[in-house]
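Inspection log for the structure reproduced underneath, given as structure tokens.
2 protein chains.
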Amino acid sequence: MESFHAVIPAGGAGTRLWPLSRASRPKFLLDLTGSGRSLLQETWDRLRTLVPADHIHVVTGPTHAPLVREQLPELTGLLVEPAPRDSMPAIGLAAAVLGRRHEEAIIGSFAADHVIDDVAEFGAAVQAAVAVAETGLLATIGIEPRNPSTAFGYIESGERLDVDDAPSARAVTQFVEKPDEPTATHYMRSGSFSWNAGMFVARTDILLGHLARLQPHLAAGLDHIALAWDSPDRQAELESTWPSLTPIAIDHAIAEPVSLEGGVAVVPGAFGWDDIGDFAALHALGQTSSPDVVWVDADGFARTEDGTTIAVVGIRDAVVVRTEDALLVTTMEHAQRVKDVPAELRREGRDDLV
Amino acid sequence: MESFHAVIPAGGAGTRLWPLSRASRPKFLLDLTGSGRSLLQETWDRLRTLVPADHIHVVTGPTHAPLVREQLPELTGLLVEPAPRDSMPAIGLAAAVLGRRHEEAIIGSFAADHVIDDVAEFGAAVQAAVAVAETGLLATIGIEPRNPSTAFGYIESGERLDVDDAPSARAVTQFVEKPDEPTATHYMRSGSFSWNAGMFVARTDILLGHLARLQPHLAAGLDHIALAWDSPDRQAELESTWPSLTPIAIDHAIAEPVSLEGGVAVVPGAFGWDDIGDFAALHALGQTSSPDVVWVDADGFARTEDGTTIAVVGIRDAVVVRTEDALLVTTMEHAQRVKDVPAELRREGRDDLV
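Chains as they are written, first to last, in our numbering: chain R, 1 to 354; chain V, 1001 to 1354.
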């Protein structure tokens, strides 16, 4: 594990969790689970059980960099991207910079805003993925599904691979998008599908090699930036090159095409995992309502950030979230559509509320 | 009209309008219609078009007396009842006190928390009711129903009476409680039913005569208090006698039994009227939501008292009311059950929120 570096892209806005999640304090900076630690800090804590602090790197934007530094005082590897260009440029930048510094580097990317309930199992899965990555494969961790969720993408696994220290590794047959319910039930029953949690582990030379082949413009841009990174030209190069980089997710840029070539392996993750995609997910995780809620012929999730009392009358599966400056009222069924609220507020020029 | 005195019993809590209406600032003290005047002030303004200020009397409790005085600086006739005993003791007290002061007094009672949209029509109806009351009948104003509401009680009218200055007056056949929908539709079609708005006009001697016959204990108690009213013994007599008075509504105490004896007449009120019984009624009155509400696949009534933004997603006929210290979320369908919230809060000892 000495050559292993963890990368945490910290950029998601979490607009489905408005008004808790805001542009200025997005989901990953929030303590959504009531643990006393933000999702980013919990991600950090999990990775710190595996690697020293200087092997953990966070990629974030300039507006969130100060809060990231504040939340992670041990952090030395902060990579500030001038603007969000999706996950491939963020992870690719870390790979390019680390690949120049450490020839044998293996990097793994882990979202800043997911929850995981078993740190030991998570650590075991990462170690297995690193063992797989050492063989030159792009490794991913597939979460053993606990229900036929339609909220996540799935990974289909094929034949067992023969990797020392990762006996459970299998070839990835394909990545599939969020399925409908009958398909998800079929996936679940088949036993050969796992949830795609976006955790990828690879040698930097392998990752950048795939990128040079599949996204040559993006790879060249990242290479330019990495060359200037540890020099006084870093900021100038970033500012001139970053805006031209193709905005694309790592799944589409590399994972999916390489899986079709047989270059991706999956190791099972036997831990509870969720991306807390919306308030229904947060509620399903067992997050309870604020103490002062009065339910009259009603149930659901109700939280107030300002200590006031909430009363819900006659609404099942209600979702009520009150902050000092805003209020959301919906139901579990419509929790995904909450993202339309900040979108509408932005259209109306109410950027202070987004 | 020189002998006419208006009485405004101001005691209703309006618990169905929680959290706007509170024990400390009940519905009648609120500007629910956005007119800039509270419901009590609007009631006052309507009556002032008919009588001088010293002919308007407000009966209220000791906790609300200071705010009533503040809202009605012209008011001279404030009657403070030590505790609420329903409408008959409140109106009976005013009748007993005024009957002693003015032998020919006619009093009319008008709720402090109703809305009326046509002051001229209201005034004409009151004048007709006073003309009827002069003949010795108990007069009521029946509101011409605009829809088959199940939220109000109804008055059935019979034969036309022959009263000068009130040609449209009819005998009341019966008062009926809130009907179910088919019955309300039948009432509406029949043309002989009107809404009971609780407006009663009578000579004080007639009113107190009925009371002495039908509720002798209550009548005797009120007589004792009235005797002491304009003397230094007022407070002592009030405190010793008031708690023993029968708590009863004027409808049950007098209007219903006297109607069966043929002693009640109704004059039609051709004006818009509502008792704003709940938030569905307030919304139906055309009360619009706060300006900063974002509706996503949703509609209804949403109001914030603290200037914050409300977003409602995926809920039809929503009712959302945010005050500084509380929040109500329900739907129009369940608007009547809002009264359960302050009841529950009281059980929990949260009297500060009631």
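Built from N, CA and C at the ideal position, the CB exists for glycine as well.
- With respect to R:A125, R:P268 sits close: the two C-beta atoms are nearer than 8 angstroms.
- For V:V1266, no chain R residue has a C-beta closer than 9 angstroms to its own C-beta; the minimum C-beta separation is roughly 36 angstroms.
- Membership of V:R1203 in the beta strand (DSSP E) is indicated by the continuous run 1193-1203.
- Under the DSSP assignment, R:Q174 falls outside any alpha helix (DSSP H), being part of the beta strand (DSSP E) whose first and last residues are 170-176.
- By the C-beta density criterion, R:L137 is buried, having at least 16 other C-beta atoms within 10 angstroms.
- In the structure shown, V:W1273 adopts extended strand secondary structure according to DSSP, grouped into three states.
- In the structure shown, R:I143 falls within a strand segment according to DSSP collapsed to helix, strand and coil.
- Take V:I1206, set aside five residues on each side of it, and the residues of its chain with a beta-carbon closer than 7 angstroms to its own are G1136, L1138, in chain order.
- DSSP places R:I248 outside both helix and strand once states are collapsed to three, so it counts as coil.
- Chain-order list of chain V residues neighbouring R:H283: empty, with the shortest C-beta distance near 15 angstroms, by a criterion of under 9 angstroms.
- Going by DSSP, V:P1342 is part of no beta strand (DSSP E) but of the alpha helix (DSSP H) stretching over 1340-1347.
- Counting the other Cβ atoms within 10 Å of the Cβ of V:K1178 gives fewer than 16, which makes it exposed.
- Using a 10 angstroms sphere on the CB of R:E42, the tally of other CB atoms reaches 16 or more, which defines it as buried.
- Between R:A226 and R:L238, the alpha-carbon positions lie close to 9 angstroms from each other.
- Judged by their CB atoms, R:G142 and R:V266 are nearer to each other than the 8 angstroms cut-off.
- For R:S3, the closest of R:H102, R:G61, R:V176 by C-alpha to C-alpha distance is R:H102.
- Cα atoms of R:M199 and R:A111: separation of roughly 7 angstroms, rounded to the nearest angstrom.
- Counting only residues of its own chain and dropping the five nearest sequence neighbours on each side, R:H186 has no CB closer than 7 angstroms to any other CB.
- Within its own chain, the residues whose Cβ lies closer than 8 angstroms to the Cβ of V:G1061, once the five positions on either side in sequence are excluded, are G1011, V1080, E1081, P1082, A1083, P1084, listed in chain order.
- About 7 angstroms separates the beta carbon of V:F1193 from that of V:P1145, a gap short enough to meet the 8 angstroms contact definition.
- Excluding five sequence positions before and after R:V132, the CB atoms of its chain that fall closer than 8 angstroms to its own CB belong to A139, L161, V163, A166, A169, V201, A265, V267, given in chain order.
- Listed along chain R, no residue sits closer than 9 angstroms to V:T1288 by beta-carbon distance, the nearest being about 17 angstroms off.
- Residue state for R:F4 is assigned as strand, using DSSP reduced to three classes.
- Looking at the DSSP output, V:A1265 bridges to V:A1139, V:A1171.
- In the DSSP assignment, V:F1122 falls within the alpha helix (DSSP H) that extends over 1119-1134.
- With 16 or more other Cβ atoms from the protein chains shown falling within 10 Å of its own Cβ, V:A1311 counts as buried.
- Annotation for R:L218: M88, P89, G92, L211, L245, T246, I248, A253 place their beta carbon closer than 8 angstroms to its own, counting only its chain and skipping 5 residues before and after.
- Listed in chain order, the non-local C-beta contacts of V:A1302 below 7 angstroms within the same chain comprise S1289, S1290, V1293, I1310, V1312, A1318, V1320, local neighbours out to five positions each way being set aside.
- Our two residues, R:P232 and R:D299, have alpha carbons roughly 58 angstroms apart in a direct line.
- Under the three-state reduction of DSSP, V:H1102 is assigned to coil, being neither helix nor strand.
- Per DSSP, the continuous beta strand (DSSP E) segment holding R:E159 begins and ends at 154-160.
- Distance from the CA of V:S1157 to the CA of R:T308, rounded to the nearest whole angstrom, comes to 50 angstroms.
- By the CB criterion at 8 angstroms, V:E1333 and R:G314 fall inside the cutoff.
- Shown in chain order are the members of the stretch 328-342 of chain R whose Cβ falls below 7 angstroms from a Cβ of chain V: L328, V329, T330, T331, E333, H334, R337, V338, D340, V341.
- Going by C-alpha positions, R:F271 is about 6 angstroms away from R:F122.
- Under the three-state reduction of DSSP, V:H1114 is assigned to coil, being neither helix nor strand.
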